[in-house]
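Chains as they are written, first to last, in the numbering used here: chain A, -3 to 269; chain B, 3 to 328.
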């Protein structure tokens, strides 16, 4: 197993973000919503206020820590939904071909033609802001890339000797898809999924920034940036820290994707002696 | 033994239809294989041997389809069986091993699991039992240290080992017919002999019939009791393998025999060029009228260019499809 530096750094950053999200109640200094105190409004970063405070006197550090929960939930859950939808559609379309393939292809092209953020905006506008609608909106709009990859992999794997062999040996369609095709395309799909998670974290930030995602006063990194934009010159720490959190998480996910791609190739698995 | 033969093919025609043209890739193919028999199908690349095998297991896919003829497995018409029943036959009663042991195994699954899957799929075993049976299968194909090998991935095995694993998978459920499509073409000559020997012994022990497909007449004649020679989609000659070198009736078979290098022939006959058959196999779309071998045949006459020769039974045993057979 060759573990490259990108896998280590990416994995560490992602693990850090998960850790922060899971243990937010222990890591935070104050309650991110309730502990407003106008006496400490807009304090710059210091030993007491690690990341400074906002106009309501809330601790930015605590809000960033709690924000990890929302950003990561959105990133992971929505990308999981995307991966499942995309893989199922792509795999079956590539395998069965015919009208189903045409239908899935048309749908994918439709999804690719509509900018996914605009589509997500429309869904959010219908469902109203909130975590659940965010998950639905982002989970339904970003599967086209996974679908393309799954379909293309299926088409090329279908003619592989072992898939033909499985058919000759009496495997059913579903068994071929699950035991022969899926494991062999999992590498690229996992890579796409980690990159997609990064994109979902960004999309959540964008939607919240536009006021359609997580509603204030609950902290998500995007909504924090949104609230901070008026004070970017007077209190830059309000934007810097949530921005840094987004940046590091997305960078971590991208590096993780790269690193995973290197080890998910079965050829590079070590030879047992 | 009485009763229907294991597999019987009658007048099989396989159509190739890619929308713009419609041609018969295989035509008038008939043969039968009895229980425990060894039967060889020989011919150049593209003569239709592999698609005939695919037709036998009901796996022809567009643009290929069975145009006419009947395939019977133990007397039951294969094309009439429901899809689920056909699938239950595959791997269980009829198994196949392929030319490329490199690509015929799933690269992301340990080989033991791939063998065990056959027991789970066709024999309803639990994974625990199946894993145990997989180890026993590896023992039977003489893979050393099978307990450790079951956990190996295909890329960790050599070509010969992989073909052994393929044989283990194919014979796992004790099939009645093993189709071997160029089973040793991708292997070293020394490994070839071992694999052929292993395959033959295992099938003999279990009474499994072999349909061996190859371009190598010598190899097939060595393994099989009967040999059919295919040319451009038709069987041109079918003989006992003992007769085929001594007295082949069809000029194409004669050409194949003559083009084999013989050990020691240089000492006896002096340095001479290997004989070849002039010309190339015609493409499926422009098969010639009449006998399809006529453009390359030394014995060709006018009738060969107009009339398709019928299958004739030879006095010496065997069948031939030629107007001017020897």
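Even for Gly, the Cβ is constructed at its ideal location relative to N, Cα and C.
Less than 8 Å between the beta carbons of residue i and residue j, yes or no?
i: residue 245 (chain A); j: residue 13 (chain A); result: yes
i: residue 158 (chain A); j: residue 108 (chain B); result: yes
i: residue 20 (chain B); j: residue 65 (chain B); result: yes
i: residue 8 (chain B); j: residue 183 (chain B); result: no
i: residue 106 (chain B); j: residue 118 (chain A); result: no
i: residue 184 (chain A); j: residue 152 (chain A); result: no
i: residue 211 (chain B); j: residue 40 (chain B); result: yes
i: residue 235 (chain A); j: residue 219 (chain A); result: no
i: residue 57 (chain B); j: residue 73 (chain B); result: yes
i: residue 216 (chain A); j: residue 56 (chain A); result: no
i: residue 252 (chain A); j: residue 15 (chain A); result: no
i: residue 152 (chain B); j: residue 159 (chain B); result: no
i: residue 181 (chain A); j: residue 231 (chain A); result: no
i: residue 97 (chain B); j: residue 173 (chain B); result: yes
i: residue 71 (chain B); j: residue 88 (chain B); result: no
i: residue 235 (chain B); j: residue 49 (chain B); result: yes
i: residue 298 (chain B); j: residue 326 (chain B); result: no
i: residue 324 (chain B); j: residue 252 (chain B); result: yes
Can you confirm whether residue i, when its beta carbon is compared against all beta carbons of chain B, has any partner nearer than 8 Å?
i: residue 175 (chain A); result: yes
i: residue 170 (chain A); result: no
i: residue 100 (chain A); result: no
i: residue 60 (chain A); result: no
i: residue 91 (chain A); result: no
i: residue 257 (chain A); result: no
i: residue 165 (chain A); result: yes
i: residue 267 (chain A); result: With a pLDDT of 40 at residue 267 (chain A), under the threshold of 50, the modelled position of this residue cannot be trusted; read the value that follows with caution. At least one chain B Cβ lies under 8 Å of residue 267 (chain A).
Counting only C-beta atoms, is residue i closer than 8 Å to chain A at any point?
i: residue 109 (chain B); result: yes
i: residue 61 (chain B); result: yes
i: residue 187 (chain B); result: no
i: residue 19 (chain B); result: no
i: residue 327 (chain B); result: no
i: residue 251 (chain B); result: no
i: residue 210 (chain B); result: no
i: residue 102 (chain B); result: yes
i: residue 106 (chain B); result: yes
i: residue 286 (chain B); result: no
i: residue 137 (chain B); result: no
Can you find a heavy atom of the ligand GDP that lies under 7 Å from the Cβ of residue i?
i: residue 176 (chain A); result: This structure lacks the ligand GDP; in fact it carries no ligand of any kind.
Near-chain B residues of the stretch 150 to 162 of chain A (beta-carbon distance less than 7 Å), N- to C-terminal order | 156, 157, 158, 161
3 or more residues per run - each beta strand (DSSP E) lying fully within the stretch 15 to 39 of chain B = 24 to 35
Runs of alpha helix (DSSP H) wholly within the stretch 247 to 315 of chain B (minimum 4 residues, chain order) = 253 to 260, 267 to 271, 304 to 308
Spell out a yes or no on whether the stretch 244 to 261 of chain B and the stretch 281 to 288 of chain B are touching, meaning 3 or more CB-CB pairs, one atom from each, closer than 8 Å.
-> no
Touching or not, the stretch 183 to 195 of chain B and the stretch 132 to 143 of chain B, by the rule of three or more beta carbon pairs under 8 Å?
-> no
Does the count of Cβ pairs from the stretch 187 to 195 of chain A and the stretch 145 to 156 of chain B closer than 8 Å reach three?
-> no
Is there contact here, the stretch 125 to 135 of chain A with the stretch 204 to 216 of chain A, by at least three beta-carbon pairs under 8 Å?
-> yes
Pair every Cβ in the stretch 69 to 82 of chain B with every Cβ in the stretch 113 to 122 of chain B, then say whether three or more of these pairs are closer than 8 Å.
-> no
Cβ contact check for the stretch 250 to 260 of chain A and the stretch 57 to 72 of chain A: 3 or more pairs under 8 Å = no
May I ask you to verify whether the stretch 62 to 81 of chain A touches the stretch 134 to 151 of chain A, counting CB pairs closer than 8 Å and requiring at least 3?
-> yes
Are the stretch 109 to 117 of chain A and the stretch 80 to 93 of chain A in contact at 8 Å, needing three or more beta carbon pairs?
-> no
Between the stretch 46 to 53 of chain A and the stretch 15 to 31 of chain B, do three or more beta carbon pairs fall short of 8 Å?
-> no
Taking a cut of 7 Å between CB atoms, which residues from the stretch 177 to 188 of chain A lie near chain B?
-> 179, 180
Quick check: the stretch 220 to 234 of chain B against the stretch 38 to 48 of chain B, are there 3 or more CB pairs under 8 Å?
-> yes
Which runs of the beta strand (DSSP E), 3 residues or longer, sit entirely within the stretch 147 to 221 of chain B?
-> 179 to 183, 211 to 216
Length at least 4, wholly inside the stretch 187 to 261 of chain A: the alpha helix (DSSP H) runs in chain order = 217 to 224, 233 to 259
Scan the stretch 66 to 100 of chain A and note each continuous alpha helix (DSSP H) run of 4 residues or more that stays entirely inside, going in chain order.
-> none
For the stretch 83 to 100 of chain B, which residues have a CB atom closer than 8 Å to at least one CB atom of chain A, in sequence order?
-> 89, 90, 91, 92, 93, 94, 97, 98, 100
Length at least 4, wholly inside the stretch 67 to 151 of chain B: the alpha helix (DSSP H) runs in chain order = 85 to 91, 113 to 125, 129 to 142, 148 to 151
Closer than 8 Å, Cβ to Cβ, to anything on chain A: give me those residues from the stretch 111 to 125 of chain B, in chain order.
-> 111, 119, 120, 123, 124
Of all the residues that make up the stretch 138 to 172 of chain B, which are near chain A by a beta-carbon distance shorter than 9 Å?
-> 150, 153, 154, 155, 156, 157, 158, 168, 171, 172
Are the stretch 172 to 183 of chain A and the stretch 96 to 108 of chain A touching, with three or more C-beta to C-beta distances below 8 Å?
-> no
Would you check if the stretch 192 to 205 of chain B and the stretch 236 to 250 of chain B touch, i.e. whether three or more CB-CB distances between them fall below 8 Å?
-> no
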